[in-house]
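>
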Amino acid sequence: MSDAILAVQWWCQTTTAPWDWTPKVYLGVWVMVALLVVPYAVVMVRRARSHGLTSRDKRAILWYSLGVFFVWSASDWPLGTLGAGYLLSIHTVLYLIYTMAAGPLLVLGMTDWMTRGMLDRIRGWSIYRLLVKPWVAVLVLNGILVFTHLPPVVDGLRASQFGSFVLDALWLISGVVGWLPIITPFRGDRIKAPIWKCVYLFIAFGAFPMLPGAFITFSGVPLYRVYELAPRFGDWSPLDDQQLAGALMKVGNIPILWTVIAAIFVKAALEGSRHNRYGTVEEFDEARRAAADGSVPAGSVPPIPPTPVG
Amino acid sequence: MSIDAPPQLEEPSAPPPPPARTRGPITLIVVVGLVLIAIAIVAFVRTGDDSSEADGDRNALGWHGGILEGAKPRPSFTLTDSTGQPYDFAAATSGQLTFLFFGYTHCPDICPITMANLTSALDQLPGTSARVVFITTDPSRDTPERLKDWLGGFPVDVVGLTGSVAELEAAQKAAGVSTAIAEAPDDKGEYTVGHSASVLVYTPDDQQHMVYSSSTMQAEWMDDIPRIAADPGWNAVDGVVATGAYAGPSTAGQSAVYLTVVNGGTDNAVVGVTSPDAPGATLHVTSNDGTTMSGTDSLDVPSGGAAVLSPAGDHVMLSGLSRDLVEGDTVTVVLELRSGAQLTVVASVVSYEALAARIPSPDAVEGATR
Chain E
503 MSDAILAVQW
513 WCQTTTAPWD
523 WTPKVYLGVW
533 VMVALLVVPY
543 AVVMVRRARS
553 HGLTSRDKRA
563 ILWYSLGVFF
573 VWSASDWPLG
583 TLGAGYLLSI
593 HTVLYLIYTM
603 AAGPLLVLGM
613 TDWMTRGMLD
623 RIRGWSIYRL
633 LVKPWVAVLV
643 LNGILVFTHL
653 PPVVDGLRAS
663 QFGSFVLDAL
673 WLISGVVGWL
683 PIITPFRGDR
693 IKAPIWKCVY
703 LFIAFGAFPM
713 LPGAFITFSG
723 VPLYRVYELA
733 PRFGDWSPLD
743 DQQLAGALMK
753 VGNIPILWTV
763 IAAIFVKAAL
773 EGSRHNRYGT
783 VEEFDEARRA
793 AADGSVPAGS
803 VPPIPPTPVG
Chain V
5 MSIDAPPQLE
15 EPSAPPPPPA
25 RTRGPITLIV
35 VVGLVLIAIA
45 IVAFVRTGDD
55 SSEADGDRNA
65 LGWHGGILEG
75 AKPRPSFTLT
85 DSTGQPYDFA
95 AATSGQLTFL
105 FFGYTHCPDI
115 CPITMANLTS
125 ALDQLPGTSA
135 RVVFITTDPS
145 RDTPERLKDW
155 LGGFPVDVVG
165 LTGSVAELEA
175 AQKAAGVSTA
185 IAEAPDDKGE
195 YTVGHSASVL
205 VYTPDDQQHM
215 VYSSSTMQAE
225 WMDDIPRIAA
235 DPGWNAVDGV
245 VATGAYAGPS
255 TAGQSAVYLT
265 VVNGGTDNAV
275 VGVTSPDAPG
285 ATLHVTSNDG
295 TTMSGTDSLD
305 VPSGGAAVLS
315 PAGDHVMLSG
325 LSRDLVEGDT
335 VTVVLELRSG
345 AQLTVVASVV
355 SYEALAARIP
365 SPDAVEGATR
């Protein structure tokens, strides 16, 4: 078998070859990207032809595209390759990408009508109803986190292309499930009180990962055969790499997590302020109409906030 | 009409259909999920306990390496060390736990990983007396200087050896490993060398009982090395074995070595001590109240018993040290037994804090005295 054929693999996995910067082709990654993009595009095109696309639909397309981009970047060379067989720290970065970027962006990319149609088609309402419960989402998210960071599991799954795919898929699923209670397309199912949203996010994404993160950080020996016996990448020792990975697991999601929590807080504060200025829906709608018509001079009423979206 | 809640500005989305009444699948998923999480947590916790993640790779006897069906004698060959001096492997390592590996410094994968895992494990086992010897299979590129530089990057001292192609082939044959073969150079003149990827382990009885693969993890080494060092069958000379040797940092050219001498043979005694690092090596005993220290001609090691040399107790006194001893160094002492045999012991130098921590409690001393 020629080297060219050998170089084309289905999915990233552990390799004993020293790292080099020659790009690799992973067919499975592109197939998965196609499976994510094509059905979505078909549904959106049909929707555009039948109903036209709303601004919300267009934003969803943007979010979904970003989500697919993160899935691709985490699965393909070089990040996917490095994380699958060379550096535990990159493995952790991949986990963060799947759960903190790709997962939520894919959820944001799903409109309510699209999700409803999908759940009808796959008869998935009961599973959805279960997974959207915060306590279930926390358990699924962090159960997968712990399970997929057990040394025997990592060593076992990363050894084969299929196992490595399963690991990546589990992370993407956990990312989707973990964010459902906050950004499910069905607003009525979302956690309503901002404070509880913040509490949920902190527990689900902040508190739980501290435990395995600390365990990995403070272990005195390398835990994962895959990464300990991998050809070295630079001058990093396996233990240095592992300590960085543990630190990333503990604090790597902080920028995203606390940005979201801050956004929730600010949004809640703004809505509270708006409520104070427009005591009733009727008053608010009246002010909006007046501002739109130009019948009310600017400055005579409090500024009208933009129509909220999201 | 007034309302208490903030105005609802978001576009309402149609509520999803009522939940299905099929409780079976939900219950099953919850149960499976909880069981999975419980198993994961238990396994994760157990993973951190005594490196048990490597349990699956143990052989039937509980070792991570292979035990030879018939022991091989420590090979004899002389090569050139990284200072350019001749190094008689058999003589220089006789009576010592020795790890021998053939590799080359330009090796992109196996050699640095194997050496890093082994030396990192030894670095975390300061009480273990052991020598690590690395013999190049690429003499044209691995000069003594290159060897010294490359091996200096590992956390414990490693003896690097090179020689002519013929000498190295002879050494590989003597050790019983396959002879290395260099691949053809690429366009840049770089090449790899196919070589044995085994770590050969020689115990103080000057036999090779075990061999380890290059995929041995650090945790696995840490699991096995203390057991190898403590195995009286492999480390015994005339049934006597010395274990757990360590020394304190030197002060004014003096230091002390502590160890445990275990006797599985007939009644014996340590009747003398020498050291290539200190001309004034003597046996010292400490009075029961710990206030008086004096030289002695012998330390009895009765059959089935042991002599424990520890801080604030009996010890090997080193005077006139030829070099300063600091934490991380090693120092060699040779114990002379009444039976006529000699035990060579390499002691790792530990910090003062580590020494203080190893002072036996009065109860332990009293118990040991009884």
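As they're listed, the protein sequences go chains E and V. Residue numbering for the first sequence follows our numbering, starting at 503 and increasing by one per position. Residue numbering for the second sequence follows our numbering, starting at 5 and increasing by one per position. Glycine included, every Cβ here is placed at the ideal spot set by N, Cα and C. Predicted model, so just to flag it, every value in this text is computed and none were measured.
Count the other CB atoms within 10 Å of the CB of Lys694(E); is the residue buried (16 or more) or exposed (fewer)?
With fewer than 16 Cβ atoms within 10 Å of its Cβ, Lys694(E) is classed as exposed.
> What whole-angstrom Cβ distance do Asp153(V) and Tyr108(V) have, given they're in contact under 8 Å?
Not really, about 14 Å apart at Cβ, beyond 8 Å.
> Assign Leu828(E) to one of two classes, buried (16 or more other C-beta atoms within 10 Å of its C-beta) or exposed (fewer than that).
Since the first and last residues shown for chain E are 503 and 812, residue 828(E) lies out of range.
> For chain E, find out if any of its Cβ atoms is closer than 8 Å to the Cβ of Pro112(V); answer yes or no.
Pro112(V) counts as touching chain E.
> What residues of chain E sit near Met226(V), judged by a beta carbon separation below 8 Å?
Neighbours of Met226(V) on chain E, chain order: Val723.
> Out of Val723(E), Leu741(E) and Asn644(E), which one is the CA nearest neighbour of Leu713(E)?
Selected option, being the one with the closest Cα: Asn644(E).
> Output the residue ranges of the beta strand (DSSP E) runs that lie fully inside the segment 72-130 of chain V and measure 3 residues or longer, sorted by chain position.
Here the runs fully enclosed are 82-85, 90-92 and 102-107.
> Leaving out five residues on either side along the sequence, give the residues of the same chain with a beta carbon under 6 Å from the beta carbon of Gly70(V).
Closer than 6 Å at Cβ, skipping near neighbours: Val215.
> Count the other CB atoms within 10 Å of the CB of Asn272(V); is the residue buried (16 or more) or exposed (fewer)?
Asn272(V) is buried by the Cβ-count criterion.
> Just the C-alpha distance for Val266(V) and Gly131(V), rounded to the nearest angstrom, thanks.
Distance between the alpha carbons of Val266(V) and Gly131(V): 16 Å.
> Per DSSP, what kind of secondary structure is Met321(V) in: helix, strand or coil?
Of the three classes helix, strand and coil, the one that applies to Met321(V) here is strand, per DSSP.
> Whole angstroms are fine: how far does the CA of Gly754(E) sit from the CA of Ala24(V)?
Residue confidence is low: Ala24(V) scores 48 on pLDDT, short of 50, so the model does not pin down where it sits. No coordinate-derived value is stated.
> Since Glu331(V) sits in a beta bridge, which residues does DSSP pair it with?
DSSP lists no partner for Glu331(V).
> Starting from Asp304(V), follow its DSSP beta bridges and name the residues at the other end.
Answer is Ala273(V), bridged to Asp304(V).
> Locate the beta strand (DSSP E) running through Ile139(V), then write down its first and last residues.
Unbroken beta strand (DSSP E) run through Ile139(V): Arg135 to Thr140.
> Can you tell me where the alpha helix (DSSP H) with Ala562(E) in it begins and where it stops?
Ser557 to Ser577 is the span of the alpha helix (DSSP H), which, as asked, contains Ala562(E).
> Counting only Cβ pairs nearer than 9 Å, list the residues of chain A close to Ile117(V).
Absent from the structure: chain A. Protein chains present are E and V.
> Should the segment 607-625 of chain E be called in touch with the segment 582-589 of chain E, which here means at least 3 C-beta pairs below 8 Å?
In short, these stretches do not touch, since the Cβ pair count stays below three.
> What are the residues that DSSP puts in a beta bridge with Glu340(V)?
Looking at the DSSP assignment, Glu340(V) forms a beta bridge with Gly276(V) and Gln346(V).
> Classify Asn267(V) as helix, strand or coil using the three-state DSSP reduction.
The answer is strand: DSSP assigns Asn267(V) an E or B state.
> Below 8 Å between beta carbons: does that hold for Pro143(V) and Val169(V)?
Going by C-beta atoms, Pro143(V) is nearer than 8 Å to Val169(V).
> Out of curiosity, what's the CA-to-CA distance linking Gly88(V) and Arg727(E)?
In a straight line, the C-alpha of Gly88(V) is about 37 Å away from that of Arg727(E).
> For Arg727(E), return the contacting residues in chain V, with the cut-off set at a CB-CB distance below 7 Å.
By Cβ distance, chain V contributes Met221.
> Quick one, which residues of the segment 182-210 of chain V are near chain E if we go by CB-CB under 8 Å, in chain order?
Those would be none; no residue qualifies.
> Quick check: Ala351(V) and Ala233(V), are their CB atoms within less than 8 Å of each other?
No. Outside cutoff.
> Which residues, taken in chain order from the segment 308-321 of chain V, show a beta carbon closer than 8 Å to some beta carbon of chain E?
Here the close residues number zero.
> List the residues of chain V that Thr601(E) touches, going by C-beta distances under 8 Å, in chain order.
Going along chain V, no residue has its Cβ under 8 Å from Thr601(E), so there is no contact; the nearest lies around 16 Å.
> Count the other C-beta atoms from every protein chain shown that fall within 10 angstroms of the C-beta of Glu149(V), then say buried if there are 16 or more, exposed otherwise.
Answer is exposed; the Cβ neighbour count stays below 16.
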